[in-house]
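My numbering numbers the first residue of the sequence shown as 12 and each following residue consecutively.
By construction, the Cβ of each residue, glycine as well, lies at the ideal position given by its N, Cα and C atoms.
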Amino acid sequence: MEVKLPEYITGEYAVGTETFTIYDEEREEVLGPATGPRKISVRMYYPVQKDATAGFPRAEMLSAVKRRALEKAYFMKMPEDADYTAEYYANAPHVPGAKFPLILFSHGYQSYREGNTYLCCDLASHGFIVASIGHAYEAVANEYDDGTVDYYDKKINKKMYKCMPKAIFWCLKLQKVKGTPEEMYEKFNAFQKDQAGFMLGRLEVWAQDSMRVVRELKERYTQWIDFSKGIGATGHSMGGATAYYLCQHEPEISCGVNIDGGVFGNYEGMTMTKPFLQISCEANVSVGTRVLLDTQAPARMEVFEDMKHIGFSDAKYMNPGRSNFGKMDCAVMHKRLVACHLEVFDKFLK
């Protein structure tokens, strides 16, 4: 089954890209072989004048390493002869004399830093700089400047929840929960307290990764980023939960979006003061209602009908017939997803 890719450069700019690695000497890695400093892989998406891309190559959005890792993890067949580049250009020149707001993006568990390339490209074309962060050993694969690669640490599967059969039972119950946002959050909070201690700990690590990237960008990108209204945060699944966590804990993060992530975290006694948007599929409404509670800032939930969790990533375009990606047309989903992000970031970062 073929799928028509979305029109994903809809703003006034073309899109440039570059990658780099951060070696965080202040933190020791605890996953994988648990040796050496924490490594963070970053892909930047940034605005470029449309007439400035001539002579620059389209960049690869899915390397052979990541294709093989995805095939093994998700039982997907990735054709060797397909075009795995996107309409963004490696090391194209930044717009001279211009600064743009920064958005941090984090992938979901066992996804990868390019897992929402079309979204990140479209946001960059509308005048944002997007830093997509690869979280070591929790992405399906991460590639680094020194040529090394790390893969998802399968030991996590035994740690993720206290008791996997009980956690699955909880999740099935949560999909059927009805009631007020308070009642639904009460059920989700009981689940995370009972089962998700490991995930709560990793949430803090992902937030630390994010702020280490911010620190790096203040050196690498200071002449191109406008920090005057703060920094936006978004992400899919665990990455979306990280966006909410950052908005609660980090003063520099000024607004956020969560793409279908359960809002993990201990927020008892805390009040949200940053604008936030929760995007959910119908099955996951109950795990996102925390966003609507205890807030002094604009907050709302957008429910995507006929969508499923993994379908919010670019995997939907690679395997459009997969029933677990949702029935919503890919182009329609993309257009709506971008519009939701621009609703937040145009208003609160520009």
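Contact check for Q307 against M281 fails: the beta carbons are separated by 8 Å or more.
Taking all protein chains shown into account, F180 has fewer than 16 neighbouring C-beta atoms within 10 Å of its C-beta and is therefore exposed. A Cβ-Cβ distance of about 4 Å is found for the pair S117 and G246, placing them in contact under the 8 Å criterion. A check of alpha carbon separations from V59 across E39, R38, A25 identifies A25 as the nearest. When C-alpha distances from A80 are compared across A244, Q206, D164, M339, the shortest belongs to D164. In this structure N269 is in contact with G299, their Cβ atoms being roughly 7 Å apart against a cut-off of 8 Å.
The region 122-167 contains, as complete beta strand (DSSP E) runs of 3+ residues, the segments 140-146, 152-154, 160-162 (chain order). Judged by beta-carbon spacing, T253 lies within the 8 Å limit of S221, meaning their Cβ atoms are closer than that value. When DSSP states are grouped into helix, strand and coil, D35 belongs to the strand group. The criterion of a C-beta distance shorter than 8 Å is satisfied by I140 and Y232. Counted as a single uninterrupted DSSP element, the beta strand (DSSP E) harbouring K50 occupies residues 48-59.
As the crow flies, the alpha-carbon of E36 is around 43 Å from that of E194.
Going by beta carbons, A135 and Y56 fall inside the 8 Å limit.
The C-alpha of F356 lies about 14 Å from the C-alpha of I236. By the beta-carbon neighbour count (other beta carbons within 10 angstroms, threshold 16), D62 is exposed. Closest in C-alpha terms to A207, from the list K170, V224, K229, comes K170. In the DSSP assignment, R69 falls outside any alpha helix (DSSP H) and lies within the beta strand (DSSP E) extending over 69-71. The bridge partners DSSP lists for G22 come to none. A Cβ-Cβ contact shorter than 8 Å links Y129 with P17. Of the other Cβ atoms in all chains shown, 16 or more fall within 10 Å of the Cβ of K50; this residue is therefore buried.
The residue among C292, G276, F86 with its C-alpha nearest the C-alpha of D205 is G276. Listed as beta-bridge partners of T306 by DSSP are M283.
For the pair of segments examined, the region 71-88 was found not to touch the region 254-273: the number of CB pairs separated by less than 8 Å stays below three. For the region 184-220, there is no continuous beta strand (DSSP E) assignment of 3+ residues that stays within its boundaries. E82: member of the alpha helix (DSSP H) spanning 75-85, first to last residue.
Taking the CA atoms as reference points, L304 sits about 7 Å from P192. DSSP, reduced to helix, strand and coil, places G108 outside both helices and strands of the structure shown, so it counts as coil. Closest option to L113, judged by alpha-carbon separation, among K229, E313, F67: K229. Secondary structure at L16: coil, using DSSP grouped into helix, strand and coil.
By the neighbour-count criterion, in which a residue is buried when 16 or more other Cβ atoms sit within 10 angstroms of its Cβ, L257 is buried.
Sequence-distant Cβ neighbours of L360 in its own chain, meaning closer than 6 Å and more than five residues away, are P112, K240, G243.
A93: not part of any alpha helix (DSSP H); DSSP gives it neither H nor E.
Residue pairing by DSSP places F116 opposite S143, T245 in a beta bridge. Check the Cα spacing between R213 and each of F238, G119, A178: the tightest is with G119.
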